[in-house]
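*Asks:* If you count the sequence shown from 1, position 59 lands on 59 in UniProt numbering, and the numbers rise without skipping. Heads up, the beta-carbon is just placed ideally off N, CA and C, and yes, glycines get one too. The structure displayed is predicted, hence computed values, not measured ones.
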Amino acid sequence: MQAAAVRALQVALSASQVEQQVAQKHADDSMQSAKDALAMRDARLEELQRSVREAHETHVRRLCEGGVVALKHGRKGKPHPRHVRCVRDRLEWSRPEYSRPDGKSYEKAILCGEIMTIRGGAATDVAKRLGKGRDEERILCVTATSRTLDLEFGSQAARDEWWELLRSWHEMQSALDMPAGWSSSLPHPHGHSALPLTSRLPPLCSPATVSIPRVSPPEGGRRIPIDFSPSALDMEEEVA
């Protein structure tokens, strides 16, 4: 009797151990399935973020290559409209009527690596000489190591739109030589988010269009249109 009881107890213990092993395997399998699901979700999220980032960068580059027409102020002469655009690592400008898609007319330029800061208002000596008749909220100043580029837009909204676009271009170009996760320290226009480029979503600019009097922009990508009065376009030519 005692031997039979011992055998029965051993059988029961063995069965319990088997059940425990089965339960542990089931728990391990469930845990692994959960880990696999999380890894798959993270991979999909990373892919989505990469797609959004690439779409945004493509959007920015197209707008930058299309460019904008703005009044350029110089150290000599009166302001004149210039077609300003960003192509590869160059911030370049030309007369709107002479600008060509192949870039041969864009002799004046600032390299991306030369840009020190981008600010609105009377941020340079040239901008400070504009006088009280000018609205500083429409002025955008690019300061580089060798020169400045001082632009006047038709409105503060138009200036801020190009300011943010120019900053994004500078960040994308600079990031090519920077560690992963780097973001530009250049200031944003007021009212724009200071999130890094990889967190911003397109589009940056409105698809609405406004005609530019007496200026026929060259063919190419979409331009951000700026409206200037005819009198502004009839000013004497400055030294570019």
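Does DSSP put residue 275 in a helix, a strand or coil?
*Replies:* The displayed coordinates of the chain run from 1 to 240. Any statement about residue 275 would go beyond what the structure contains.
*Asks:* Taking DSSP as the reference, what is the three-state secondary structure of M178?
*Replies:* Coil.
*Asks:* Relative to the alpha-carbon of S183, which residue among P189, H190, S174 has its alpha-carbon at the smallest distance?
*Replies:* Looking at the Cα atoms, S174 is the closest of the given residues.
*Asks:* When you compare only the Cα positions, how much space is there between I110 and K35?
*Replies:* Each residue's alpha carbon lies about 50 Å from the other.
*Asks:* Under 8 Å by Cβ, that's how I've got M178 and A144 pegged, so tell me the actual separation to the nearest angstrom.
*Replies:* With 8 Å as the limit, M178 and A144 do not qualify as a contact, their Cβ atoms being about 19 Å apart.
*Asks:* Quick one: is the Cβ of D42 within less than 7 Å of any heavy atom of the ligand SAH?
*Replies:* Judged by which ligands are present, the structure shown has none, so any question about the ligand SAH falls away.
*Asks:* Going by other Cβ atoms of all chains shown within 10 Å of its Cβ, with 16 needed for buried, is E152 buried or exposed?
*Replies:* Classification of E152: buried, given that the 10 Å Cβ count is 16 or more.
*Asks:* Could you work out which residue in G77, V84, T58, V60 is closest to A70 when comparing CA atoms only?
*Replies:* Per the Cα distances, V84.
*Asks:* Whose CA, out of E114, G113, R95, lies closest to the CA of Y106?
*Replies:* Here the closest residue by C-alpha is R95.
*Asks:* Determine the burial state of E19: buried for a count of at least 16 other Cβ atoms within 10 Å of its Cβ, exposed for fewer.
*Replies:* When all chains shown are included, E19 counts as exposed.
*Asks:* Mind checking which residues open and close the beta strand (DSSP E) that includes G108?
*Replies:* Reading off the sequence shown, one finds Lys at residue 108, where the question assumed Gly. Unbroken beta strand (DSSP E) run through K108: 108-111.
*Asks:* Okay, do the stretch 147-164 and the stretch 60-74 touch, 3+ Cβ pairs below 8 Å being the bar?
*Replies:* Verdict: yes, contact present.
*Asks:* Check whether the Cβ atoms of W169 and L140 lie closer than 8 Å to each other.
*Replies:* Going by C-beta atoms, W169 is not nearer than 8 Å to L140.
*Asks:* Quick check on H188: does DSSP put it in helix, strand or coil?
*Replies:* Of the three classes helix, strand and coil, the one that applies to H188 here is coil, per DSSP.
*Asks:* So, for G121: in the same chain, excluding its five sequence neighbours on each side, which residues have a beta-carbon less than 8 Å away from its beta-carbon?
*Replies:* Result list for G121: A127, E136, E137, I139, C141, in chain order.
*Asks:* Measuring CB to CB, does I118 end up less than 8 Å from R167?
*Replies:* It is a contact, given that the beta carbons lie within the stated cut-off.
*Asks:* Which residue marks the beginning of the beta strand (DSSP E) containing A70, and which one marks its end?
*Replies:* 68-73 is the extent of the beta strand (DSSP E) around A70.
*Asks:* Report the three-state DSSP secondary structure of T58 (helix, strand or coil).
*Replies:* Helix at T58.
*Asks:* Any idea if V22 is buried or exposed, counting beta-carbon neighbours within 10 angstroms, 16 or more meaning buried?
*Replies:* So V22 ends up on the exposed side.
*Asks:* CB-CB under 6 Å to P207, same chain, minus the five flanking residues each way: which ones, in chain order?
*Replies:* Note that P207 scores 33 on pLDDT, short of 50, meaning its location in the model is unreliable; the coordinates nonetheless yield the value given after this. For P207, where only same-chain residues beyond five positions count, there are no Cβ hits under 6 Å.
*Asks:* Measuring straight from C-alpha to C-alpha, what distance separates E114 and S146?
*Replies:* So the two alpha carbons sit approximately 8 Å from each other.
*Asks:* Give me whichever residues DSSP pairs with E92 in a beta bridge.
*Replies:* R85, A109.
*Asks:* What is the C-beta distance between W93 and K78, in whole angstroms, given that I count them as a contact (C-beta under 8 Å)?
*Replies:* Contact flag wrong, Cβ pair sits at about 16 Å.
*Asks:* What residue does the alpha helix (DSSP H) around D125 start on, and which one ends it?
*Replies:* 125-128 is the span of the alpha helix (DSSP H), which, as asked, contains D125.
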